[in-house]
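**Q** There's a structure below that I have some questions on.
Number of protein chains: 2
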Amino acid sequence: MHLFYTPDINSDNYTLNQEESRHCTKVLRLTGSDIIYLTDGIGNLYKTKIIDTNPKKCKVQVVETQNNYQKRDYYLHVAIAPTKNMDRLEWFLEKATEIGIDEITPIITENSERRIVKHERIFKKITSAVKQSLAAYHPKLNQLKTYKEFMAGCNFDGNKFIAHCYNYNLEHLKNKAESKTKVLILIGPEGDFSKKEVQTAIDNNFEEILLGKSRLRTETAGIVAVNIINLLNS
Amino acid sequence: MHLFYTPDINSDNYTLNQEESRHCTKVLRLTGSDIIYLTDGIGNLYKTKIIDTNPKKCKVQVVETQNNYQKRDYYLHVAIAPTKNMDRLEWFLEKATEIGIDEITPIITENSERRIVKHERIFKKITSAVKQSLAAYHPKLNQLKTYKEFMAGCNFDGNKFIAHCYNYNLEHLKNKAESKTKVLILIGPEGDFSKKEVQTAIDNNFEEILLGKSRLRTETAGIVAVNIINLLNS
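Chains V and W, in that order, are what the protein sequence lines are.
For the first sequence, position 121 (counting from the first letter as 1) is numbered 120 according to numbering that gives the first Met the number 0, and the numbering increases by one without interruption.
For the second sequence, position 228 (counting from the first letter as 1) is numbered 227 according to numbering that gives the first Met the number 0, and the numbering increases by one without interruption.
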């Protein structure tokens, strides 16, 4: 099963862009009448038949549409400090997308060593993971924000949590979060959130949580958090 | 807190090897009376004081010993097919070690594209993760085995599970596994286990389980499994 991410699909006939056309005809070597799947990334899965194998403008026709394909009954937003080593952030994005996440915000915190991320590059990483895991929902990737901007603009109407390592006697996320709810989790950088940032979060009604007894790297903490919320809803 | 893996420690005075001595004195720039921690990887954590900063033979003296440091009350063995791209297997090893795992066996299956792994190289990856996560237990890494050899030599006295994608109506691992038990989980390659391999596992009293509704890559499936067992015991 081959899935293509085509957010602009709006009719039963669709022409793949040049890159996808090439991939479809030259890499996958698909031919007329072969079936490929398209998704708009907002829940619609289109089963389509190839009707023109032009390697620059491959045309397909929708033969079946599934709405709300594998729709989750929870909503998960993770705001995470990009890791110093970009590979680690990209791993997080790939794995989180595979396991299930709805929204991601990269945040610059006081102890962040990395203060720049290439939005387009990491968006592409997410898109590949969407295709690989045959998902019909593409996680929303917000622009990089400072912690302060994020907090100022945060009007999330669900349960809000902040993970940090200052206190290993906190309640575990698995006991705090509830199934079928909207959840926002903050994950800090290599040097953790500052105490001031933790306090700001508490003042903004975030609850402090633990992700386990071990010391986890940023991207591991992110994956563990995503998995906990996924398991609560499985 | 700096942790060194020194499996051969057997008295209160210890001399770091050349590489570790260099790391200690040149990279970390530690000096006399500074504190470093050593672990033998089998549960003992030694707090030591540097008594000689020779950059080739750095000497330390144990000032405090903690036995069974952060001992887990469960045992987890994962047998996993190495991924085609070695980075993915190494990522699994790092994350599994951070989250908590006791034993790992790389297995060659029918659909495995990768049939060789450098034992020493992946052992080192595990060791770095042990040090990074300040753990006193070093996961056991078994030599690469074929699936057949693994099954023939398997006398695991705990609950045995096999994860595969042939049937999405199987019970989820989170509902099958129990806390404070010994667990062995088999994770297949990119092309999944063959049906014959699944049958062989069933014949050897492995229970089939699901790791979620999404299609997960090998290394993601491995991490999800490790995390589920860890959460059951958190």
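All C-beta atoms, glycine included, are put in the ideal place defined by N, C-alpha and C.
Would you check if the distance between the CB atom of A162 (chain V) and the CB atom of L210 (chain V) is smaller than 8 Å?
**A** Contact flag set, yes.
**Q** Span of the beta strand (DSSP E) holding A78 (chain V)?
**A** Taken as a continuous stretch (DSSP letters only), the beta strand (DSSP E) holding A78 (chain V) covers Y74 to I79.
**Q** How would you list, in chain order, the residues of chain V whose beta-carbon sits under 7 Å from the beta-carbon of V223 (chain W)?
**A** The contacting residues are I98 and N226.
**Q** May I have the straight-line CA-CA distance separating K179 (chain W) from M0 (chain V), to the nearest angstrom?
**A** Computed Cα separation, rounded: 40 Å.
**Q** Residues of chain W with CB under 8 Å from L215 (chain V), in chain order?
**A** E97, I98 and S132, listed in chain order.
**Q** So with CB distances below 8 Å, who are the chain W contacts of K94 (chain V)?
**A** Neighbours of K94 (chain V) on chain W, chain order: T219 and I222.
**Q** Listed from N- to C-terminal order along the chain, which residues in the region 161 to 173 of chain V have their beta-carbon within a distance smaller than 7 Å of any beta-carbon of chain W?
**A** The residues in question are H171 and K173.
**Q** From the DSSP output, which residues share a beta bridge with H171 (chain V)?
**A** Answer is V:L209.
**Q** Of the choices V:N43, V:R87 and V:S233, whose alpha-carbon is the least far from that of Y68 (chain V)?
**A** The shortest C-alpha separation from Y68 (chain V) is found at V:N43.
**Q** Counting Cβ pairs closer than 8 Å, one from the region 1 to 12 of chain W and one from the region 98 to 105 of chain W, do we hit at least three?
**A** No: fewer than three Cβ pairs fall under 8 Å.
**Q** Along chain W, which residues have their Cβ under 7 Å away from the Cβ of N16 (chain V)?
**A** Simply none; closest approach about 25 Å.
**Q** Based on Cα-Cα distance, which residue from W:R214, W:Q60 and W:D156 lies nearest to V129 (chain V)?
**A** The shortest Cα separation from V129 (chain V) among W:R214, W:Q60 and W:D156 belongs to W:R214.
**Q** Which residue or residues does DSSP assign as beta-bridge partners of I161 (chain V)?
**A** The partner list for I161 (chain V) (beta bridge, DSSP) reads V:L185 and V:E207.
**Q** Identify the contact partners of Q69 (chain V) in chain W, using a Cβ-Cβ distance below 9 Å as the criterion.
**A** Going along chain W in sequence order, the residues near Q69 (chain V) (Cβ under 9 Å) are K212 and S213.
**Q** Establish whether the CB of N229 (chain W) and some CB of chain V are separated by less than 8 Å.
**A** Judged by the 8 Å Cβ criterion, N229 (chain W) is in contact with chain V.
**Q** Check whether chain W comes within 8 Å of S233 (chain V), counting only Cβ atoms and requiring the distance to be less than that.
**A** Yes, S233 (chain V) lies at the interface with chain W (some Cβ there is under 8 Å from its Cβ).
**Q** From the DSSP output, read off the bridge partner residues of L140 (chain W).
**A** DSSP lists W:I103 as partners of L140 (chain W).
**Q** Quick check: the Cα distance between D11 (chain W) and T38 (chain W), rounded to an integer number of angstroms?
**A** Each residue's Cα considered, the two are about 13 Å apart.
**Q** What would DSSP say about G69 (chain V), mapped onto helix, strand or coil?
**A** Just to set this straight, residue 69 (chain V) is Gln in the shown sequence, not Gly. It is coil, neither helix nor strand.
**Q** With DSSP run on the structure shown, which of helix, strand or coil describes L230 (chain V)?
**A** Correct three-state label for L230 (chain V): helix.
**Q** Nearest CA to the CA of H76 (chain V): which residue from V:Y167, V:F122, V:A220 and V:P138?
**A** Cα-wise, what sits closest to H76 (chain V) is V:P138.
**Q** Quick one: Cα of G40 (chain V) to Cα of I208 (chain W), how far?
**A** Rounded to whole angstroms, G40 (chain V) to I208 (chain W) spans 29 Å at the Cα level.
**Q** In whole angstroms, what separates the C-alpha of V26 (chain W) from that of Y73 (chain V)?
**A** Rounded to whole angstroms, V26 (chain W) to Y73 (chain V) spans 46 Å at the Cα level.
**Q** Do E196 (chain V) and K83 (chain V) have their beta-carbon atoms positioned less than 8 Å apart in this structure?
**A** No, Cβ-Cβ distance for K83 (chain V) and E196 (chain V) is not below 8 Å.
**Q** L88 (chain W) lies in the alpha helix (DSSP H); which residues open and close that run?
**A** From DSSP, the alpha helix (DSSP H) with L88 (chain W) extends over M85 to I98.
**Q** Under a Cβ-count criterion, where at least 16 other Cβ atoms within 10 Å of its own Cβ denotes burial, should P54 (chain W) be classed as buried or exposed?
**A** Under this definition P54 (chain W) is an exposed residue.
**Q** Mapping DSSP to helix, strand and coil, what is L46 (chain W)?
**A** The identity of residue 46 (chain W) in the sequence shown is Lys, whereas the question assumes Leu. Three-state result, K46 (chain W): strand.
**Q** Identify the continuous alpha helix (DSSP H) that holds I125 (chain V) and give its terminal residues.
**A** Counting along the chain, the alpha helix (DSSP H) containing I125 (chain V) begins and ends at H118 to Q131.
**Q** Whose CA, out of W:E109, W:T108 and W:L143, lies closest to the CA of V116 (chain W)?
**A** The candidate whose alpha carbon is nearest that of V116 (chain W) is W:L143.
**Q** Within 8 Å (strictly less), CB to CB, does I186 (chain W) reach chain C?
**A** Although the question refers to chain C, the structure presented lacks it and instead comprises the protein chains V and W.
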